[in-house]
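Contents: one structure, followed by commentary.
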Amino acid sequence: MKYSIIDAFEQNVRNIGNREAIVYCEKRITYGQLDKMVNDIAARLLRRNAKKGDFIGVYLEKSPDLIAAALAILKIGAVYVPIAHEYPKERLEYIIHDAGLSCILIDEKDNDYQCEKELITVNNKEYSEDVKLPRVEQCKISKDDLAYVIYTSGTTGTPKGVMIHHEGFANRIKWQMDYFDVQYEDKVLMKAPIGFDISLWEMFLPIYSGATCVIAKENGYKDISYLISLIESEKITIAQFVPSILRFIIEISKEPNCSLKNFLKKLVSSGEELNKELVQECLQVLPKTNLYNFYGPTETSICVSACLLNEIKDFTYIPLGDAIRNMNLFLLDEDMQKITEDGVKGEIYITGIGVGKGYINKPEQTRKAFLPSIEDKNKKMYKTGDIGFYYKGNIIYVGRNDQTIKLQGNRIDLGEIEAKIYEQSFVEQTVVKCIQKDNGAKVLVAFLKLNSDDKEKYVQEIKTSLKRTLPKYMIPQFFVTDCSFELTANGKIDKTKLTMQFDDASLADDRQQFETKEIIRQAFSNVSHLSMSDEDDFFEMGGSSLEAIQILMIINREIQLNLPFGDVVDDFSIKGIASIIGSRKVP
Numbered sequence: 035m036k037y038s039i040i041d042a043f044e045q046n047v048r049n050i051g052n053r054e055a056i057v058y059c060e061k062r063i064t065y066g067q068l069d070k071m072v073n074d075i076a077a078r079l080l081r082r083n084a085k086k087g088d089f090i091g092v093y094l095e096k097s098p099d100l101i102a103a104a105l106a107i108l109k110i111g112a113v114y115v116p117i118a119h120e121y122p123k124e125r126l127e128y129i130i131h132d133a134g135l136s137c138i139l140i141d142e143k144d145n146d147y148q149c150e151k152e153l154i155t156v157n158n159k160e161y162s163e164d165v166k167l168p169r170v171e172q173c174k175i176s177k178d179d180l181a182y183v184i185y186t187s188g189t190t191g192t193p194k195g196v197m198i199h200h201e202g203f204a205n206r207i208k209w210q211m212d213y214f215d216v217q218y219e220d221k222v223l224m225k226a227p228i229g230f231d232i233s234l235w236e237m238f239l240p241i242y243s244g245a246t247c248v249i250a251k252e253n254g255y256k257d258i259s260y261l262i263s264l265i266e267s268e269k270i271t272i273a274q275f276v277p278s279i280l281r282f283i284i285e286i287s288k289e290p291n292c293s294l295k296n297f298l299k300k301l302v303s304s305g306e307e308l309n310k311e312l313v314q315e316c317l318q319v320l321p322k323t324n325l326y327n328f329y330g331p332t333e334t335s336i337c338v339s340a341c342l343l344n345e346i347k348d349f350t351y352i353p354l355g356d357a358i359r360n361m362n363l364f365l366l367d368e369d370m371q372k373i374t375e376d377g378v379k380g381e382i383y384i385t386g387i388g389v390g391k392g393y394i395n396k397p398e399q400t401r402k403a404f405l406p407s408i409e410d411k412n413k414k415m416y417k418t419g420d421i422g423f424y425y426k427g428n429i430i431y432v433g434r435n436d437q438t439i440k441l442q443g444n445r446i447d448l449g450e451i452e453a454k455i456y457e458q459s460f461v462e463q464t465v466v467k468c469i470q471k472d473n474g475a476k477v478l479v480a481f482l483k484l485n486s487d488d489k490e491k492y493v494q495e496i497k498t499s500l501k502r503t504l505p506k507y508m509i510p511q512f513f514v515t516d517c518s519f520e521l522t523a524n525g526k527i528d529k530t531k532l533t534m535q536f537d538d539a540s541l542a543d544d545r546q547q548f549e550t551k552e553i554i555r556q557a558f559s560n561v562s563h564l565s566m567s568d569e570d571d572f573f574e575m576g577g578s579s580l581e582a583i584q585i586l587m588i589i590n591r592e593i594q595l596n597l598p599f600g601d602v603v604d605d606f607s608i609k610g611i612a613s614i615i616g617s618r619k620v621p
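Using my numbering, the first residue of the sequence shown is number 35, and each one after it goes up by one.
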């Protein structure tokens, strides 16, 4: 295969070996230094009999070692399988066994991790800079060889391993390099958790292009103030945020002393649906920054379309944009016929070299999602489950036709949560829904019918069980018992009526009000250290807007809300914020 990810990296090592490849905390690593790290890990993998086609797990936090490990795996022709630290033990074990990992690369501090697979420590002191390992030649790979496997939420109660080949992966990264006209001087922010495919382009776009990858600290993606500080101090030029985080980036950018607007050239929004108000505000606050809407499922090599929103004149809808190089997306009706006229809804299908090979060990799910293309029966077509329509020739996303949702940028299959709840013998019936509140915040709600009177005890057992098997973002915030599961005329559960049974008025009762205020007090204390009464206005006490944004981020995260800054700025006090939280109702 011509010009794979490793080809591009090694050419950069030869041409710009002394330029910075990675910035991480106080570390600055050149392409030449990164090459030695990559070679050493690759040599050690070969010594442990790793070979082309092996699935190799990477259980590392974001760091230079992570990038070196991923490149080393690709260099020997093996398959990169990222395993996120935040996954609970049972999910980790499932991925390890489902992927059939030959070994797992870990950090020295994780040496006590118990696993039947062989563990290789990437930063073992035994292999210091003074130790010379033999030079590893790049393994010859074909375009159909697998590059990586990344796990997404699955309907059956277990995650699905999506297999992506080298041709699709390289096509996606090279397209973005050309589309963004990435230069050596550019700096790309890497902050997404490694279990999400956004991390792949954040990591490999700069390495492929000869630019610099600036790595945020682990879990730094949750700290807006930290990210803003990192963007400003390193003068980052390319970054990605989900819309719910982008909103806070915009608020901070309004500050006169915020300098990111002077050098942030490319800003990508993906992972959630964009609304026109947020787009228009971003373009107004950051007029020198190009804002892009990226769309695409994990199964099609990260993303398949892009729209430069600065060029949009009509904001009636936010379009998905044009297909990237060597990819195509279109709408089909229920009879698998192409839809061409505006306003007619259909399902989005994707073709092109970025379409993946399917799901590991799930032939039936692969058969249903990866179909023979209507354009060429010898090629695959991915059935996204996304519904859209054409508006002035552009596809507009309107929702899903199944139980898959996006929540704060995370892809979640509600069926997987339901399957895990059904594992409890005392559960007769359950439905999990994503419900949007009046303030725009979305929460997961589990509706339950239990065969026991001790509801509180068994709900706690469900929560405990879910924490062992699911990531935190997949655990419902609310559990509603004694539900009436009414049926529609065609015998299906009436989910609209279920929503009506969910009433979060408890947020306003005395006990919840007390707990809410405690959370708010703690957020104020952690950020500002000011001595405040419940009625004191934060700004009158000397607090800054930057601190206020960080306080609100903590409160939103802890209480599972999405309060906009504009809703609380007029009374930014403990009592004022608690009152607004208590007033939020489910429609």
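Heads up, the beta-carbon is just placed ideally off N, CA and C, and yes, glycines get one too.
All of these numbers come straight from a predicted model, not from anything done at the bench.
Secondary structure at His563: coil, using DSSP grouped into helix, strand and coil. Note on the stretch 216 to 267: whole beta strand (DSSP E) runs with a minimum of 3 residues are 221 to 224, 246 to 249, in chain order.
Of the residues assessed, Asn485 falls on the exposed side of the cut-off, its CB having fewer than 16 other CB atoms within 10 angstroms. According to the DSSP secondary-structure assignment, Gln470 is paired through a beta bridge with Lys476.
Cα atoms of Asn590 and Asn309: separation of roughly 20 Å, rounded to the nearest angstrom. For the set Thr271, Glu307, Val319, Lys269, the Cα lying nearest the Cα of Ile286 is the one of Val319. Residue state for Lys497 is assigned as helix, using DSSP reduced to three classes. Here Lys491 is exposed, its C-beta having fewer than 16 other C-beta atoms within 10 Å.
By DSSP's assignment, Asp420 forms a beta bridge with Arg434. For Cys316, there is no enclosing beta strand (DSSP E); the residue is found in the alpha helix (DSSP H) stretching over 310 to 319. Three or more beta-carbon pairs separated by less than 8 Å are not found between the stretch 455 to 467 and the stretch 376 to 388, which leaves the two stretches without contact.
The beta carbons of Ala77 and Val156 sit no closer together than 9 Å.
No residue range can be given for Asn485, since it is assigned to no alpha helix (DSSP H) and is classified by DSSP as neither H nor E. Between Ala55 and Ile184 the beta-carbon gap is near 23 Å, outside 8 Å, which marks them as no contact. Annotated three-state conformation of Glu452 is helix, per DSSP. Gly610 and Gly134 have their C-alpha atoms roughly 53 Å apart.
In this structure, the CA atom of Ile198 is about 31 Å from the CA atom of Cys59. Within its own chain, the residues whose Cβ lies closer than 7 Å to the Cβ of Thr186, once the five positions on either side in sequence are excluded, are Pro193, Lys194, Val196, Thr332, Arg445, listed in chain order. The Cβ atoms of Tyr218 and Ser259 lie no closer than 9 Å to each other.
For the pair Ile138 and Glu127, the CB atoms are not nearer than the 9 Å cut-off.
According to DSSP, residue pairing for Val183 in a beta bridge involves Met197.
The three-state reading of DSSP puts Pro116 in strand, counting E and B together. For the pair Gly229 and Asp447, the CB atoms are not nearer than the 9 Å cut-off. With contacts defined as CB atoms closer than 9 Å, Ile588 and Ala612 fail to qualify as a contacting pair. Secondary structure at Ala357: strand, using DSSP grouped into helix, strand and coil.
The stretch 402 to 422 and the stretch 328 to 343 touch, with three or more beta-carbon pairs separated by less than 8 Å. In the displayed model, Thr155 falls within a strand according to three-state DSSP. For Ile284, same chain residues with a beta-carbon under 7 Å away, outside a window of 5 residues either side, are Glu315, Cys316, Val319 in chain order. Within the same chain, and ignoring the five residues on either side of Ile439 in sequence, the residues whose Cβ sits closer than 6 Å to its Cβ are Ile446, Cys468. At the C-beta level, His200 and Lys174 stay beyond 9 Å of one another. In the structure shown, Val57 falls within a strand segment according to DSSP collapsed to helix, strand and coil. Here Ala582 has Phe572, Phe573, Phe599, Val603, Phe606 as same chain residues with Cβ atoms under 8 Å from its own Cβ, once five neighbours each way along the sequence are excluded. Here Ile408 carries a coil assignment [DSSP, helix/strand/coil].
Non-local beta-carbon contacts of Gly390 in its own chain, meaning distances under 6 Å to residues more than five positions away in sequence, involve Val196, Met197, Ile198, Glu333 in chain order. Note that the stretch 262 to 280 touches the stretch 290 to 298; at least 3 beta-carbon pairs, one per stretch, sit closer than 8 Å. DSSP lists no bridge partner for Glu574.
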